[in-house]
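Taking the numbering used here, the leading residue of the sequence shown gets 19, the next gets one more, and so forth.
Even for Gly, the Cβ is constructed at its ideal location relative to N, Cα and C.
Remarks on the structure that follows.
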Amino acid sequence: MKELYVNDLKAGMKVKSVFAVSRKTVRKTKSGEDYCTICLQDRSGCIDAVIWPKASVNFNIFEEGDLAEISGDVSDYKGTRQIEVSGIRTLEKDGRADYSDFIRITKKNVEDMFSEMMTFIESVKNKPLKKLLKLFFEDKKFSESFRSSSAAVQYHHAFMGGLLEHTLSVVKICDFLAGSYEKLNRDLLLAGAVLHDIGKIREYEFDEKNITIGVSNEGKLLGHITIGYGMVLEKIKYIKGFPEDLKERLLHIILSHHGAKEFGSPKRPKILEAFVVYHVDHMDADVGGFCIVAEESGGRAEWSGYLKNFERSIYLKELNLQQDFDEYFIDADPDEVEDIDDKNLFAKKQTELNQDELF
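This is the structure:
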């Protein structure tokens, strides 16, 4: 079992540990020499590493998906942690390594999240919708897949358990909005939120050969929206008397939850519940993606690099609210307030405080 993980690494440390190589790129220096950048991964996160020509390390001995023992120094490059590799040794995948150490997993308790999801399902009052949801989530094989699946290969919730974490977040936000807008049908909205991404349990798969989350052949050919549409339609057939209008509305939520054809949806949202699921799904994906970038920076970078999904760099510096502002506030006995000369008190404090610190 690994003892040193990505999230343990700090600038100035020497490292010798096993990681999965999730990305490898050979580049040229200004002088024309080859060097190699790699992304190293374990269950706690990812870190970039570089093999410079001066290191005299043969970077042709490993490929993406390999397990490798990396030796080197952790440095700070433009506010981001990076390993300067001084040695590398590939390991055979012969069962001796615990692959779970090298696949990113949710940091949240999976059973707690699943239990909370079931509580939302139980709260649905519409009998056909509740029956449909239970046909999925009370099925052992489905529920196990849903617990462990990723929500993406990269960008947002791209880790084992990410689908459950993302879906539960969407459900909770939709539930809040249903309490704020009477026009929303809560049962339909929650059912759409729960089911919107279920096709991802078949779109993504764990690639044991490359120790990565990959896209299945079905996922490449059909995509999770089409897969999820088919899964829901098939289950509805087992529910006698499922209302046709309700079926069409629920399927529309699934088909339209990416918002537009260029993003994978064959239909744009045309009912209120679909409109809400689309926007909440998009927002949670962006927030999840932002959090991953911030986490991988190790809290050291002020700005990220250019991010394709955001079409911009993002500001990562955390807001510091640790300053003690007690000196700016004056305690007074309510019975004595009338005796305070407010004008003189304010003038006195103005001379004591730096306005730049206040504002």
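In the DSSP output, which residue or residues are listed as bridge partners for residue i?
i: residue 98; result: 95
i: residue 88; result: 35 and 106
i: residue 58; result: 39 and 65
i: residue 407; result: Limits of the chain in this structure are 19 at one end and 377 at the other, which puts residue 407 out of reach.
i: residue 321; result: 333
i: residue 44; result: 54
i: residue 224; result: 231
Just how far apart, CA to CA, sit residue i and residue j?
i: residue 330; j: residue 323; result: 8 Å
i: residue 106; j: residue 67; result: 11 Å
i: residue 207; j: residue 268; result: 8 Å
i: residue 251; j: residue 298; result: 23 Å
i: residue 257; j: residue 150; result: 7 Å
i: residue 21; j: residue 117; result: 14 Å
i: residue 85; j: residue 327; result: 29 Å
i: residue 41; j: residue 60; result: 13 Å
i: residue 133; j: residue 122; result: 22 Å
i: residue 304; j: residue 295; result: 14 Å
i: residue 374; j: residue 333; result: Per-residue confidence for residue 374 stands at a pLDDT of 46, beneath the threshold of 50, marking its modelled position as unreliable; no derived number is given.
i: residue 218; j: residue 273; result: 14 Å
i: residue 164; j: residue 25; result: 26 Å
i: residue 209; j: residue 50; result: 57 Å
i: residue 247; j: residue 255; result: 13 Å
i: residue 307; j: residue 54; result: 26 Å
i: residue 198; j: residue 100; result: 46 Å
i: residue 17; j: residue 275; result: No answer is possible for residue 17: it lies beyond the span of the chain, which begins at 19 and ends at 377.
i: residue 119; j: residue 72; result: 31 Å
i: residue 128; j: residue 65; result: 25 Å
i: residue 153; j: residue 253; result: 7 Å
i: residue 234; j: residue 56; result: 24 Å
i: residue 321; j: residue 69; result: 24 Å
i: residue 290; j: residue 271; result: 9 Å
i: residue 144; j: residue 155; result: 16 Å
i: residue 215; j: residue 157; result: 17 Å
i: residue 47; j: residue 313; result: 29 Å
i: residue 52; j: residue 160; result: 47 Å
i: residue 83; j: residue 58; result: 10 Å
i: residue 220; j: residue 74; result: 43 Å
i: residue 212; j: residue 39; result: 34 Å
i: residue 81; j: residue 62; result: 21 Å
i: residue 277; j: residue 108; result: 44 Å
i: residue 186; j: residue 77; result: 42 Å
i: residue 190; j: residue 103; result: 44 Å
i: residue 301; j: residue 139; result: 22 Å
i: residue 162; j: residue 174; result: 21 Å
i: residue 262; j: residue 236; result: 28 Å
i: residue 319; j: residue 200; result: 43 Å
i: residue 36; j: residue 266; result: 50 Å
i: residue 27; j: residue 130; result: 29 Å
By the DSSP assignment, the beta strand (DSSP E) with residue i in it spans what residues?
i: residue 272; result: Note, residue 272: premise wrong, no beta strand (DSSP E); alpha helix (DSSP H) at 262-274.
i: residue 231; result: 230-233
Could you tell me whether any Cβ in chain B is nearer than 7 Å to the Cβ of residue i?
i: residue 122; result: Within the model displayed, chain B is absent; a lone protein chain is all it includes.
Could you give the residue range of the alpha helix (DSSP H) that holds residue i?
i: residue 220; result: 218-221
i: residue 141; result: 128-141
i: residue 163; result: 158-166
i: residue 149; result: 145-155
i: residue 242; result: 241-254
i: residue 296; result: 290-314
i: residue 204; result: 204-213
query: With contact counted as at least three CB pairs below 8 Å, one residue from each stretch, are the segment 224-241 and the segment 189-196 in contact?
result: Three or more Cβ pairs closer than 8 Å define a contact, and the segment 224-241 falls short of that threshold against the segment 189-196.
Item to complete: Examine the Cβ distances between the segment 280-287 and the segment 158-174 and report whether three or more of them are shorter than 8 Å.
Response: Flag = no, the segment 280-287 and the segment 158-174 do not touch.
Contact between the segment 202-218 and the segment 128-148 (3+ Cβ pairs under 8 Å): The segment 202-218, when compared against the segment 128-148, does touch it at the 8 Å Cβ threshold.
Item to complete: Would you check if there are 3 or more beta carbon pairs closer than 8 Å linking the segment 237-251 to the segment 175-189?
Response: Judged by Cβ distances under 8 Å, the segment 237-251 makes no contact with the segment 175-189, as fewer than three pairs qualify.
Are the segment 86-97 and the segment 29-37 in contact at 8 Å, needing three or more beta carbon pairs? Verdict: yes, contact present.
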